[in-house]
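Structure first, commentary second.
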Amino acid sequence: MNDDLDEYIRLARQGKTPVTEADRKAERNHRNYLRILERDPEYYTRRRRMERRNRNSGKHQSEEETE
């Protein structure tokens, strides 16, 4: 076990650690989150989430009425 950890640390220092698809996806999502936050610091506040939720629920209702 210790040899595996030493090997992982050695690879990490070289920048060659094995990265899973889930790790890449998490990193991509986090970068996107930071980009959104940089553009609009209040994007994830409760008030803004409620505004988006209300706006989106109104769209779905109007689409159902037209069918």
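Each residue of the sequence shown is one higher than the last, beginning at 3 in our numbering. Note that CB positions come from ideal geometry on N, CA and C, so glycine has one too. All values reported here derive from a predicted model rather than from experimental measurement.
Would Tyr10 and Thr19 qualify as a contact pair, given that the criterion is a beta-carbon distance under 8 Å?
yes
Does the Cβ-Cβ distance between Leu39 and Tyr45 come in under 8 Å?
yes
Does Asp42 come out as helix, strand or coil in the three-state DSSP assignment?
Shown here, Asp42 sits in coil according to DSSP, grouped into three states, outside any helix or strand.
In chain order, what residues of the same chain have a beta carbon less than 6 Å from the beta carbon of Ser59, not counting five sequence neighbours either side?
none
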